[in-house]
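See structure below.
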Amino acid sequence: MAWWVAFHRIARLGSVRFGLLERAFPSLEEAWKADAPALRAAGLDAATVDLVVAQRPEIDPQRELERLEGAGVRPIPRFHSAYPARLREIADPPPLIYVRGAMAPQDEWALALVGTRRATAYGRQAAGELARDLATNGVTVVSGLARGIDTIAHRAALDAGGRTIAVLANGLDTVYPPENRGLASEIAEAGALISDYPLGTKPRAEFFPRRNRIMSGVSLGTLVVEGDVKSGAMITARFAGEQNREVFAVPGSIFAPQSRGPLSLIRDGATPVASVEHVLEALNLTMIGAQMDFGRAAPPASEDERALMAVLTREPRHVDEVVRDTGLAAARVSATLALLELKGQVRDLGGMQYVRVREPAPAYEASATPPKQETIP
Numbered sequence: 002m003a004w005w006v007a008f009h010r011i012a013r014l015g016s017v018r019f020g021l022l023e024r025a026f027p028s029l030e031e032a033w034k035a036d037a038p039a040l041r042a043a044g045l046d047a048a049t050v051d052l053v054v055a056q057r058p059e060i061d062p063q064r065e066l067e068r069l070e071g072a073g074v075r076p077i078p079r080f081h082s083a084y085p086a087r088l089r090e091i092a093d094p095p096p097l098i099y100v101r102g103a104m105a106p107q108d109e110w111a112l113a114l115v116g117t118r119r120a121t122a123y124g125r126q127a128a129g130e131l132a133r134d135l136a137t138n139g140v141t142v143v144s145g146l147a148r149g150i151d152t153i154a155h156r157a158a159l160d161a162g163g164r165t166i167a168v169l170a171n172g173l174d175t176v177y178p179p180e181n182r183g184l185a186s187e188i189a190e191a192g193a194l195i196s197d198y199p200l201g202t203k204p205r206a207e208f209f210p211r212r213n214r215i216m217s218g219v220s221l222g223t224l225v226v227e228g229d230v231k232s233g234a235m236i237t238a239r240f241a242g243e244q245n246r247e248v249f250a251v252p253g254s255i256f257a258p259q260s261r262g263p264l265s266l267i268r269d270g271a272t273p274v275a276s277v278e279h280v281l282e283a284l285n286l287t288m289i290g291a292q293m294d295f296g297r298a299a300p301p302a303s304e305d306e307r308a309l310m311a312v313l314t315r316e317p318r319h320v321d322e323v324v325r326d327t328g329l330a331a332a333r334v335s336a337t338l339a340l341l342e343l344k345g346q347v348r349d350l351g352g353m354q355y356v357r358v359r360e361p362a363p364a365y366e367a368s369a370t371p372p373k374q375e376t377i378p
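Structure follows, in structure tokens:
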């Protein structure tokens, strides 16, 4: 394993060049010790050979492995049984990934849920409810830990008690954005953080497409909630299409820039999604008879709560409208809204706008058992 990690620290060694080394040498240890002529004979270009020869003296394979262990990170080469099976299926899969947390067999049922960092209230609500319902139905929610839709998706999956995977565009000893450090720790406890960048790698703009390719690669499909036509979410959707994975999109307002990406995907054949059932049916999942009680909100207890829930919908409503339609005093409405929000039955969108939170969808189970996969301690 140490030799994989050592070679992976050399920047020009991607999937293709790793493959050349694997085919030319009995082991990567022998490749690490090979001289320049032997490396050239293996098929490496002159620039890569020069880079390997120059950087090898600065890299201690065993020390690199110890650094990973100290950071709680496990390297997984693509030949290993713990490597995500769906990721291995794509063209030129990463030769090595790093994992903090645990991969599990149920991660074979994963969906990438992605979108803009500048989400609308509609997009935030859609992302949260869809991620929650996916998690409730046993689907692992994959996203990129970015601000906006990604953060909402991870948080909703965790709050639903489900699994979530965050794919990072940097080493796993760095969390970007920094305000998501706490969220990243929670994900590592209830899912996994994944990267194909070595420790010490800082995030750069050009690293994100590679990260997006892994997000779609580990997933059955990609669901775009919001994003412009040139957004990172659209890059992830394009990779999903290239990988023969399902592409889904949440339709939005024709006047909102954030809806341009999803609407263009739908025009090009993506499955429009208005509820989790649309995703589960497209992924060939079948409904079980019993509905899960998990995550369902308790019915309102008081007359005031029942009155408010009768007039609130999934469309934003201003407090003044609620006061008018219920006939209750403004102070009672405000107090009752606060209580309902604590119960998870309504959501405050800001600007004195509230929406009713939809109950989770019925639980589904997959039509086939996922293949067994090693659980990473």
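Residue numbers (this note's numbering): 2 to 378. Glycine is no exception: its CB is placed at the ideal position from the N, C-alpha and C atoms.
Look at PHE8 here: in three-state DSSP terms it is helix. By the Cβ test, the region 179-186 is in contact with the region 143-152, since at least three Cβ pairs between them sit closer than 8 Å. Bridge pairing for ILE195: VAL100, VAL168 [DSSP].
Contact between the region 71-84 and the region 94-108 is established, with three or more Cβ pairs separated by less than 8 Å. Annotated as proximal: ALA161 and ALA136, with beta-carbon spacing under 8 Å. Annotation: the continuous beta strand (DSSP E) that includes GLY351 extends over 347-351. CA-to-CA, the gap between PRO62 and VAL140 works out to about 37 Å. The criterion of a C-beta distance shorter than 8 Å is not satisfied by SER276 and GLU227.
Per DSSP, reduced to three states, the secondary structure at THR223 is strand. Taking the C-beta atoms as reference points, LEU309 is found no nearer than 8 Å to VAL356. Burial state of ARG246 is buried, judged by a 10 Å Cβ sphere holding 16 or more other Cβ atoms. With fewer than 16 neighbouring CB atoms inside 10 Å of its own CB, GLY201 falls in the exposed class.
Straight-line spacing of the CA atoms in GLY222 and VAL324 works out to 43 Å.
Just measuring C-alpha positions, the residue of SER28, TYR198, PRO258, HIS279 sitting nearest VAL74 is TYR198. By the criterion of at least three beta-carbon pairs nearer than 8 Å, the region 30-45 is not in contact with the region 105-112. Taken in chain order, the complete beta strand (DSSP E) segments of 3 residues or longer contained in the region 238-281 are 247-250.
Counting along the chain, ALA47 sits inside no beta strand (DSSP E); it lies in the alpha helix (DSSP H) bounded by residues 47-56. Excluding five sequence positions before and after ALA7, the CB atoms of its chain that fall closer than 7 Å to its own CB belong to TRP33, ILE60, PRO62, GLU65, given in chain order.
Membership of GLN354 in the beta strand (DSSP E) is indicated by the continuous run 354-357.
Taken in chain order, the complete beta strand (DSSP E) segments of 3 or more residues contained in the region 67-153 are 75-78, 97-102, 111-115, 141-144. By the C-beta density criterion, HIS319 is exposed, having fewer than 16 other C-beta atoms within 10 angstroms. Rounded to the nearest angstrom, the gap between the Cα atoms of ASP229 and ARG119 is 10 Å.
Straight-line spacing of the CA atoms in ALA158 and GLY129 works out to 8 Å. Taking the Cα of ALA271 as reference, the smallest distance to any Cα among THR152, PRO252, HIS9, ILE153 is reached at PRO252. With contacts defined by Cβ atoms closer than 8 Å, THR117 and SER232 form a contacting pair. In the structure shown, the three-state DSSP call for ARG315 is coil. Classified as exposed, VAL54 has fewer than 16 neighbouring CB atoms from the shown chains inside 10 Å of its CB. In the DSSP assignment, ASN181 falls outside any alpha helix (DSSP H) and carries neither an H nor an E. Taking 8 Å as the cut-off, the beta carbon of ALA250 is found closer than this to the beta carbon of VAL274.
Separation of GLU31 and TRP4 (C-alpha to C-alpha, rounded to the nearest whole angstrom) is 9 Å. Taking a contact as a CB-CB distance under 8 Å, the pair ALA154 and ALA122 does not count as one, their CB atoms being some 16 Å apart.
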